[in-house]
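The structure appears right after this line, and notes come after that.
There are 2 protein chains.
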Amino acid sequence: MTQRARLSDVAGLAGVSIATVSRALSNPAVVRSDTLEKIRSAIVALRYVPDGTARALASGRTRTVGAIVPTLDNSIFALAVQGLQTTLADAGYQLLIAAHEYNPAAELALARALVERSIDALVLVGADHTQQTRDLVQMHGIPLLITWAISPDYPSVGFDNRLIGELAARHFIELGHTRFGIVSGHFRHNDRARERTAGFRQALRKAKLPLPDANIVEQPFGYEGGRAGLRVLMQMRPRPTAIFCGNDVLALGALFEAQGMKLDVPGDVSIVGCDNLPISSQVSPGLTTVLLPVYDLGKQAANALLGWFGRQEPPADACLPVELVVRGTSGPCPAA
Amino acid sequence: MTQRARLSDVAGLAGVSIATVSRALSNPAVVRSDTLEKIRSAIVALRYVPDGTARALASGRTRTVGAIVPTLDNSIFALAVQGLQTTLADAGYQLLIAAHEYNPAAELALARALVERSIDALVLVGADHTQQTRDLVQMHGIPLLITWAISPDYPSVGFDNRLIGELAARHFIELGHTRFGIVSGHFRHNDRARERTAGFRQALRKAKLPLPDANIVEQPFGYEGGRAGLRVLMQMRPRPTAIFCGNDVLALGALFEAQGMKLDVPGDVSIVGCDNLPISSQVSPGLTTVLLPVYDLGKQAANALLGWFGRQEPPADACLPVELVVRGTSGPCPAA
DNA sequence: CTGAAAGCGCTTACAG
DNA sequence: CTGAAAGCGCTTACAG
Numbered sequence: 001m002t003q004r005a006r007l008s009d010v011a012g013l014a015g016v017s018i019a020t021v022s023r024a025l026s027n028p029a030v031v032r033s034d035t036l037e038k039i040r041s042a043i044v045a046l047r048y049v050p051d052g053t054a055r056a057l058a059s060g061r062t063r064t065v066g067a068i069v070p071t072l073d074n075s076i077f078a079l080a081v082q083g084l085q086t087t088l089a090d091a092g093y094q095l096l097i098a099a100h101e102y103n104p105a106a107e108l109a110l111a112r113a114l115v116e117r118s119i120d121a122l123v124l125v126g127a128d129h130t131q132q133t134r135d136l137v138q139m140h141g142i143p144l145l146i147t148w149a150i151s152p153d154y155p156s157v158g159f160d161n162r163l164i165g166e167l168a169a170r171h172f173i174e175l176g177h178t179r180f181g182i183v184s185g186h187f188r189h190n191d192r193a194r195e196r197t198a199g200f201r202q203a204l205r206k207a208k209l210p211l212p213d214a215n216i217v218e219q220p221f222g223y224e225g226g227r228a229g230l231r232v233l234m235q236m237r238p239r240p241t242a243i244f245c246g247n248d249v250l251a252l253g254a255l256f257e258a259q260g261m262k263l264d265v266p267g268d269v270s271i272v273g274c275d276n277l278p279i280s281s282q283v284s285p286g287l288t289t290v291l292l293p294v295y296d297l298g299k300q301a302a303n304a305l306l307g308w309f310g311r312q313e314p315p316a317d318a319c320l321p322v323e324l325v326v327r328g329t330s331g332p333c334p335a336a
Numbered sequence: 001m002t003q004r005a006r007l008s009d010v011a012g013l014a015g016v017s018i019a020t021v022s023r024a025l026s027n028p029a030v031v032r033s034d035t036l037e038k039i040r041s042a043i044v045a046l047r048y049v050p051d052g053t054a055r056a057l058a059s060g061r062t063r064t065v066g067a068i069v070p071t072l073d074n075s076i077f078a079l080a081v082q083g084l085q086t087t088l089a090d091a092g093y094q095l096l097i098a099a100h101e102y103n104p105a106a107e108l109a110l111a112r113a114l115v116e117r118s119i120d121a122l123v124l125v126g127a128d129h130t131q132q133t134r135d136l137v138q139m140h141g142i143p144l145l146i147t148w149a150i151s152p153d154y155p156s157v158g159f160d161n162r163l164i165g166e167l168a169a170r171h172f173i174e175l176g177h178t179r180f181g182i183v184s185g186h187f188r189h190n191d192r193a194r195e196r197t198a199g200f201r202q203a204l205r206k207a208k209l210p211l212p213d214a215n216i217v218e219q220p221f222g223y224e225g226g227r228a229g230l231r232v233l234m235q236m237r238p239r240p241t242a243i244f245c246g247n248d249v250l251a252l253g254a255l256f257e258a259q260g261m262k263l264d265v266p267g268d269v270s271i272v273g274c275d276n277l278p279i280s281s282q283v284s285p286g287l288t289t290v291l292l293p294v295y296d297l298g299k300q301a302a303n304a305l306l307g308w309f310g311r312q313e314p315p316a317d318a319c320l321p322v323e324l325v326v327r328g329t330s331g332p333c334p335a336a
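Those protein sequence lines, which keep their order, are chains A and B. Residues 1 to 336, numbered by the numbering used here, are exactly what the first sequence covers, in order. Residues 1 to 336, numbered by the numbering used here, are exactly what the second sequence covers, in order.
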């Protein structure tokens with residue numbers, strides 16, 4: 001192969017104009033079927049692959065979507081990305097992916113890099129973004145889809161994060177617990193973490209149960225964060241017997257630390273997480289958690305975008321159902 | 001904002017030609033510093049963001065790299081992608097990501113979709129790819145980097161997968177085991193799985209120890225695969241006492257199943273995995289495994305590409321060190 | 001150090 | 001249903 005074939009080569013071999021070949025590619029319905037056939041065989045003979053950069057410049061669309069997630073280190077985001085990518089690819093769209101690692105400046109820089117590449121839409125996680133990021137995206141007229149949370153300002157496919165905290169709290173209350181603790185990721189720049197905590201707190205308040213501020217501990221994401229959070233809470237007097245963790249990685253870290261401390265889970269302390277990672281049903285005891293259908297989230301986000309591209313109007317918000325899955329890490333409040 | 005600013009707008013405001021603005025952006029060293037300053041302020045005033053599609057068409061480079069991994073569901077790939085993406089982004093490159101889910105036809109389709117978007121390079125996992133995929137990439141003159149394995153045909157940043165199996169086998173042999181089993185992902189289209197198994201087998205043969213074919217069980221990727229694999233092996237008579245799993249997810253599945261069966265690990269059966277996932281050091285007992293520095297792999301792959309772009313010549317192969325990490329799931333062979 | 005101009009490979013009204 | 005032509009917004013030799 002000396003040189004990559006261009007549209008003009010295909011046109012020459014098929015004996016038609018480049019305009020016709022272009023139409024055969026992007027809108028075959030308007031091309032006569034025998035013409036189409038000639039073009040098809042020319043394409044095959046030349047192994048023609050269209051040049052996306054030229055196509056993008058001429059058409060103004062790249063068939064590429066950008067997504068910025070906090071991190072791929074948490075498999076919960078990796079799973080959602082997988083759902084997003086697979087569904088987009090089936091429709092001929094590709095995914096530019098980036099991770100901001102909970103740094104808003106990084107998010108802005110990455111958004112700019114993606115915008116420069118003329119993405120057809122941008123997917124972000126959470127509703128909390130700097131004004132600069134929002135301005136950038138708006139200025140370029142790029143459809144913005146919020147995921148994981150519902151945004152008042154943008155189309156969203158997300159969860160009711162407040163409800164997540166509520167579900168955890170109500171579960172503990174039903175089990176008779178009265179002393180609570182929270183291990184959360186950092187609240188700053190993370191509306192999901194704030195909302196889950198707020199929901200938990202709100203449900204307790206409604207039940208007239210206390211949640212001292214000191215019992216809300218922020219930890220960096222990771223198993224170690226969960227472990228550290230549990231240690232802090234277990235030093236409180238009176239000890240909390242019911243601990244809500246903002247995600248499953250923190251919850252598993254807390255569980256492992258409790259086991260390492262020879263605490264009985266749930267005999268001494270109950271733990272509830274959020275996500276329902278694949279691992280959460282494998283460990284023993286299985287983790288009680290709030291199931292988030294994140295692969296579905298990815299798929300629905302992709303479909304929302306595809307609909308948006310087609311209809312030229314923003315999709316309706318979708319709030320995906322979450323559900324408490326009770327497993328072995330939660331049980332009745334131990335006798336005092 | 002009515003309309004996105006173009007190069008000509010910046011040129012107009014700065015009182016220079018578009019050629020000079022273009023140079024100021026891509027090769028500022030050749031532009032006089034006061035001219036540069038005028039251009040800089042025009043760019044800021046207009047909030048100019050270059051159009052990557054035009055830039056790509058004119059320059060022939062997109063500053064975008066494509067990567068196709070088996071799946072993001074295994075966090076080992078997500079971690080490597082994170083290392084790759086972060087390092088590329090720091091150098092101004094973005095990452096188009098796709099997952100083929102162990103389907104070579106999907107890999108080809110995705111490769112085509114990425115090639116159409118004129119990626120500057122393609123990153124693939126493993127050395128095993130269809131001729132069509134290889135032809136496609138070669139025909140378009142796209143630099144191809146193999147990761148995870150060393151390829152005889154392409155620049156690679158990978159591991160010695162045979163050595164991984166050997167390390168596991170030698171560890172078991174030192175512990176006095178004589179009955180072995182393997183739980184592997186499917187061998188088809190997966191050179192890493194084949195090589196790891198071959199390395200294990202080879203080390204046993206060298207030590208004159210038997211490994212019946214029936215003791216090599218292939219399972220689909222996932223915790224369930226690991227569980228099923230362990231069940232199969234535990235039905236063998238005589239029972240194997242030492243089980244090598246092709247990756248940590250399979251190994252953890254096997255461990256959990258063994259625990260569910262009330263087997264003592266490592267008292268009754270020893271298990272060694274491969275990957276050293278974050279979770280593997282958290283579970284109890286901790287998983288003995290072969291540590292693969294995958295975040296590093298991603299970073300080094302990115303740097304190999306960046307060097308390739310700069311020097312115009314392919315990077316040297318890099319075989320990253322792997323190491324056995326002994327934890328609680330492996331121990332001496334139980335008395336017969 | 002800077003500018004005029006050709007060209008990258010397509011798409012898309014506009015005619016016919 | 002098809003073709004000629006303008007244009008998408010840049011980059012990059014080539015002159016000067």
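For glycine and all other residues, C-beta sits at the position ideal for the given N, C-alpha and C.
Closest in alpha carbon position to Cys-245 (chain A), among A:Leu-209, A:Thr-178 and A:Thr-329, is A:Thr-329. Between Pro-240 (chain B) and Asn-215 (chain B), the gap from beta carbon to beta carbon is short of 8 Å. Judged by beta-carbon spacing, Ser-59 (chain A) lies beyond the 8 Å limit of Asp-51 (chain B), meaning their Cβ atoms are not closer than that value. Note on geometry: alpha-carbon atoms of Leu-320 (chain A) and Ser-26 (chain B) lie some 45 Å from one another.
Of A:Asp-120, A:Gly-126 and A:Phe-256, the smallest CA-CA separation from Asp-160 (chain A) is found for A:Gly-126. Rounded to whole angstroms, Ile-173 (chain B) and Lys-208 (chain B) show a C-alpha spacing of 11 Å. For Asp-51 (chain A), the neighbours in chain B by C-beta distance under 7 Å run, in chain order, Ser-118. At least one CB of chain A lies nearer than 8 Å to the CB of Arg-4 (chain B).
For the region 273-299 of chain A, residues whose beta-carbon sits nearer than 8 Å to a beta-carbon of chain B comprise Pro-278, Ile-279, Gln-282, Val-283 and Ser-284.
Residues of the same chain with a CB within less than 6 Å of the CB of Phe-180 (chain A), apart from the 5 flanking positions on each side, are Leu-211, Pro-240 and Ala-242 in chain order. The DSSP-derived three-state label of Val-283 (chain B) is coil. In the DSSP assignment, Phe-180 (chain B) falls within the unbroken beta strand (DSSP E) covering 180-184. Interface annotation, Ile-97 (chain B): in contact with chain A, CB-CB separation under 8 Å.
With three or more CB-CB distances shorter than 8 Å, the region 305-319 of chain A counts as touching the region 149-164 of chain A. Rounded to the nearest whole angstrom, the CA to CA distance from Tyr-295 (chain A) to Tyr-93 (chain A) is 18 Å. Between the C-alpha atoms of Leu-163 (chain A) and Ser-75 (chain A) there is a straight-line separation of about 22 Å. Contacts between Val-81 (chain A) and chain B, judged by CB atoms closer than 7 Å, involve Leu-72 in chain order.
DSSP places Glu-107 (chain B) in the uninterrupted alpha helix (DSSP H) bounded by 104-116.
At least 8 Å separates the CB of Thr-87 (chain B) from every CB of chain A. When C-beta distances to chain A are compared with 7 Å, the residues of the region 130-149 of chain B below that value are Met-139 and His-140, in chain order. Taking a C-beta distance under 8 Å as the contact criterion, Glu-218 (chain A) and Ser-184 (chain A) qualify as a contact pair. Only buried fits Glu-166 (chain B), as 16 or more other CB atoms lie within 10 angstroms of its CB. Here Ala-105 (chain B) is exposed. Its C-beta has fewer than 16 other C-beta atoms within 10 Å.
Under the DSSP assignment, Leu-163 (chain A) falls in the alpha helix (DSSP H) whose first and last residues are 161-174.
Here the region 229-239 of chain A makes contact with the region 256-272 of chain A; the two share three or more CB pairs at distances below 8 Å. At a cut-off of 8 Å between beta carbons, Leu-263 (chain B) makes no contact with chain A.
If you check the CB distance, Ser-280 (chain B) and Leu-297 (chain B) do not come in under 8 Å. Shown here for Gly-273 (chain B): same chain residues with a beta carbon closer than 6 Å to its own, the five before and five after excluded, namely Cys-245, Asp-248, Ala-251, Leu-287 and Thr-289 in chain order. Look at Asp-135 (chain B) here: in three-state DSSP terms it is helix. The region 34-50 of chain A makes no contact with the region 63-74 of chain A, as fewer than three CB pairs between them are under 8 Å.
Residues of the region 103-127 of chain B whose Cβ lies closer than 9 Å to any Cβ of chain A, in chain order: Ala-106, Ala-109, Leu-110, Arg-112, Ala-113, Leu-114, Val-115, Glu-116, Arg-117 and Ser-118.
Nearest to Ala-149 (chain B) by C-alpha distance, out of B:Ala-111, B:Leu-108, B:Pro-293 and B:Gly-331, is B:Pro-293.
In the DSSP assignment, Ser-270 (chain A) is bridged to A:Ala-242.
At a cut-off of 8 Å between C-beta atoms, Phe-309 (chain A) does not count as an interface residue with respect to chain B. Within a 10 Å sphere around the beta-carbon of Arg-201 (chain A) sit 16 or more other beta-carbons, which makes this residue buried. A Cβ-Cβ distance of about 6 Å is found for the pair Val-21 (chain A) and Ile-39 (chain A), placing them in contact under the 8 Å criterion.
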